[in-house]
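Okay, so here's the structure we're looking at.
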Amino acid sequence: FGINAVDMHGNLSQAARERNLAAFSSGAASALVATDIAARGIHVDDVPLVVHADPPIEHKAYTHRSGRTARAGAAGRVVTVASPAQVSEVRQLLSKAGVTATWTGIEVSSVSTRPSGRGGVRADGRQGSRPGARNGTARGNGGRPRR
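Residue numbering for the sequence shown follows the working numbering, beginning at 877 and increasing consecutively.
Here is the structure:
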(Lines of atoms letter the chains of each structure in order from A and count residues from 1; the text may use other names and numbers.)
(Lines give C-alpha, C1' and ligand atoms only; values in the text may rest on other atoms or scores of the structure.)
Protein backbone atom coordinates (compact mmCIF):
# COMPACT_ATOMS: atom_id res chain seq x y z
CA PHE A 1 0.00 0.00 0.00
CA GLY A 2 1.25 3.46 -0.70
CA ILE A 3 1.43 6.40 -2.99
CA ASN A 4 4.38 6.74 -5.32
CA ALA A 5 5.42 10.29 -4.46
CA VAL A 6 8.39 12.54 -5.10
CA ASP A 7 9.40 15.65 -3.22
CA MET A 8 10.50 19.13 -4.16
CA HIS A 9 12.22 21.38 -1.64
CA GLY A 10 15.03 23.89 -1.42
CA ASN A 11 17.64 21.39 -0.21
CA LEU A 12 17.46 19.26 -3.38
CA SER A 13 20.11 19.57 -6.03
CA GLN A 14 18.98 20.83 -9.42
CA ALA A 15 19.48 17.33 -10.86
CA ALA A 16 17.23 15.81 -8.16
CA ARG A 17 14.59 18.50 -8.73
CA GLU A 18 14.59 17.80 -12.47
CA ARG A 19 14.47 14.03 -11.91
CA ASN A 20 11.53 14.30 -9.48
CA LEU A 21 9.63 16.73 -11.70
CA ALA A 22 10.14 14.43 -14.71
CA ALA A 23 8.86 11.46 -12.69
CA PHE A 24 5.73 13.39 -11.74
CA SER A 25 5.18 14.81 -15.23
CA SER A 26 5.49 11.38 -16.85
CA GLY A 27 3.14 9.71 -14.37
CA ALA A 28 5.86 7.50 -12.85
CA ALA A 29 5.07 9.27 -9.55
CA SER A 30 1.44 10.04 -8.78
CA ALA A 31 2.12 12.76 -6.19
CA LEU A 32 4.50 15.69 -5.94
CA VAL A 33 4.95 17.21 -2.49
CA ALA A 34 6.47 20.67 -2.74
CA THR A 35 7.34 23.33 -0.21
CA ASP A 36 6.16 26.87 -0.86
CA ILE A 37 9.59 28.02 -2.02
CA ALA A 38 10.21 24.96 -4.20
CA ALA A 39 6.78 25.27 -5.82
CA ARG A 40 7.82 28.51 -7.49
CA GLY A 41 8.70 27.98 -11.10
CA ILE A 42 7.26 24.46 -11.36
CA HIS A 43 5.32 23.97 -14.57
CA VAL A 44 3.21 20.85 -15.01
CA ASP A 45 0.00 20.76 -17.05
CA ASP A 46 -3.11 18.66 -16.38
CA VAL A 47 -2.68 18.04 -12.66
CA PRO A 48 -5.89 16.34 -11.44
CA LEU A 49 -5.53 17.45 -7.80
CA VAL A 50 -3.72 20.27 -6.02
CA VAL A 51 -3.62 20.19 -2.21
CA HIS A 52 -2.58 23.34 -0.37
CA ALA A 53 -1.47 22.03 3.04
CA ASP A 54 -0.35 25.50 4.06
CA PRO A 55 -1.82 27.91 1.53
CA PRO A 56 0.27 30.80 0.25
CA ILE A 57 -0.55 34.27 1.53
CA GLU A 58 -0.54 35.85 -1.94
CA HIS A 59 -3.73 35.14 -3.92
CA LYS A 60 -1.84 35.21 -7.23
CA ALA A 61 0.37 32.32 -6.10
CA TYR A 62 -2.74 30.44 -4.95
CA THR A 63 -4.45 31.02 -8.31
CA HIS A 64 -1.34 30.00 -10.26
CA ARG A 65 -0.84 26.73 -8.37
CA SER A 66 -4.54 25.89 -8.32
CA GLY A 67 -4.77 26.62 -12.04
CA ARG A 68 -2.65 23.56 -12.78
CA THR A 69 -5.85 21.52 -12.47
CA ALA A 70 -7.72 23.14 -15.36
CA ARG A 71 -5.52 23.57 -18.40
CA ALA A 72 -7.03 23.37 -21.89
CA GLY A 73 -10.51 22.57 -20.59
CA ALA A 74 -9.36 19.76 -18.29
CA ALA A 75 -11.14 19.30 -14.97
CA GLY A 76 -9.48 19.03 -11.60
CA ARG A 77 -9.91 19.66 -7.90
CA VAL A 78 -8.22 21.91 -5.40
CA VAL A 79 -8.20 21.10 -1.69
CA THR A 80 -7.06 23.73 0.79
CA VAL A 81 -6.31 22.52 4.31
CA ALA A 82 -6.70 25.20 6.97
CA SER A 83 -6.55 25.09 10.74
CA PRO A 84 -9.33 26.86 12.65
CA ALA A 85 -6.91 29.75 13.22
CA GLN A 86 -6.35 30.08 9.43
CA VAL A 87 -9.98 30.03 8.30
CA SER A 88 -10.47 33.82 8.25
CA GLU A 89 -7.20 34.34 6.37
CA VAL A 90 -8.03 31.58 3.86
CA ARG A 91 -11.51 33.01 3.28
CA GLN A 92 -9.89 36.36 2.40
CA LEU A 93 -7.38 34.61 0.14
CA LEU A 94 -10.14 32.77 -1.73
CA SER A 95 -12.18 35.95 -2.06
CA LYS A 96 -9.22 37.82 -3.60
CA ALA A 97 -8.60 34.87 -5.92
CA GLY A 98 -12.26 34.85 -7.00
CA VAL A 99 -12.79 31.31 -5.73
CA THR A 100 -16.07 30.01 -4.35
CA ALA A 101 -15.32 27.12 -2.01
CA THR A 102 -17.24 24.32 -0.37
CA TRP A 103 -16.11 24.18 3.26
CA THR A 104 -15.86 20.84 5.05
CA GLY A 105 -14.82 20.52 8.66
CA ILE A 106 -13.25 17.63 10.52
CA GLU A 107 -13.26 16.74 14.19
CA VAL A 108 -9.80 17.42 15.52
CA SER A 109 -10.33 14.75 18.18
CA SER A 110 -10.53 12.17 15.38
CA VAL A 111 -6.95 12.88 14.35
CA SER A 112 -4.17 11.08 16.21
CA THR A 113 -1.39 13.29 17.48
CA ARG A 114 0.76 10.37 18.63
CA PRO A 115 3.91 9.94 16.55
CA SER A 116 4.06 6.66 14.68
CA GLY A 117 6.51 4.03 15.88
CA ARG A 118 6.20 5.02 19.54
CA GLY A 119 3.75 2.56 21.04
CA GLY A 120 0.10 3.10 20.28
CA VAL A 121 -2.09 0.54 18.55
CA ARG A 122 -0.31 -2.28 16.75
CA ALA A 123 -1.33 -3.71 13.40
CA ASP A 124 -3.16 -6.56 15.18
CA GLY A 125 -5.30 -3.97 17.00
CA ARG A 126 -3.75 -4.51 20.44
CA GLN A 127 -2.29 -1.69 22.49
CA GLY A 128 1.37 -1.95 23.37
CA SER A 129 5.00 -1.17 22.86
CA ARG A 130 8.01 -3.12 21.77
CA PRO A 131 10.14 -4.74 24.48
CA GLY A 132 12.59 -2.27 25.95
CA ALA A 133 10.55 0.76 24.93
CA ARG A 134 10.75 3.69 27.33
CA ASN A 135 7.13 4.63 26.80
CA GLY A 136 5.63 1.20 27.50
CA THR A 137 5.50 -1.20 30.42
CA ALA A 138 7.47 -3.95 28.69
CA ARG A 139 11.18 -3.98 29.50
CA GLY A 140 14.13 -5.68 27.88
CA ASN A 141 15.14 -7.17 31.25
CA GLY A 142 12.40 -9.77 31.50
CA GLY A 143 9.79 -7.32 32.75
CA ARG A 144 11.62 -6.68 36.03
CA PRO A 145 11.97 -3.09 37.23
CA ARG A 146 15.43 -1.61 36.84
CA ARG A 147 17.51 -1.03 39.98
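Every residue, glycine too, gets a C-beta built ideally from N, C-alpha and C.
If you draw a straight line from the C-alpha of S971 to the C-alpha of G886, how long is it?
30 Å
Can you grab the Cα-Cα spacing for the pair E894 / G917, in whole Å?
12 Å
Pop quiz: A899 and A905 are said to be a contact at Cβ under 8 Å. What is the actual Cβ separation, rounded to whole angstroms?
4 Å
Assuming A907 and A881 form a contact by the criterion Cβ under 8 Å, report the distance between their Cβ atoms to the nearest whole angstrom.
4 Å
C-beta atoms of P924 and A958 nearer than 8 Å
no
Alpha helix (DSSP H) segments (min. 4 residues) lying fully within the segment 951–986
963–973
By a C-beta neighbour count over all protein chains shown, 10 Å radius and 16 as the cutoff for buried, is S964 buried or exposed?
exposed
Consider the Cβ of V963: report whether some Cβ of chain D lies at a distance smaller than 8 Å.
Here chain D cannot be found, since the structure has a single protein chain.
So, using beta-carbon positions, are V926 and S942 closer together than 8 Å?
yes
Does the Cβ-Cβ distance between V896 and D912 come in under 8 Å?
Looking at the sequence shown, residue 896 is not Val but Asn. The answer is no: Cβ separation not under 8 Å.
In chain order, what residues of the same chain lie with their CB nearer than 6 Å to the CB of H935, ignoring the 5 residues before and after it?
L969, K972 and A973
Ends of the beta strand (DSSP E) at L897?
That residue, L897, is in no beta strand (DSSP E); its alpha helix (DSSP H) goes Q890 to S902.
Three-way DSSP call (helix, strand, coil) for D912 in this model
helix
Where the beta strand (DSSP E) containing A905 begins and where it ends:
It is not in any beta strand (DSSP E) - A905 carries neither H nor E in the DSSP assignment.
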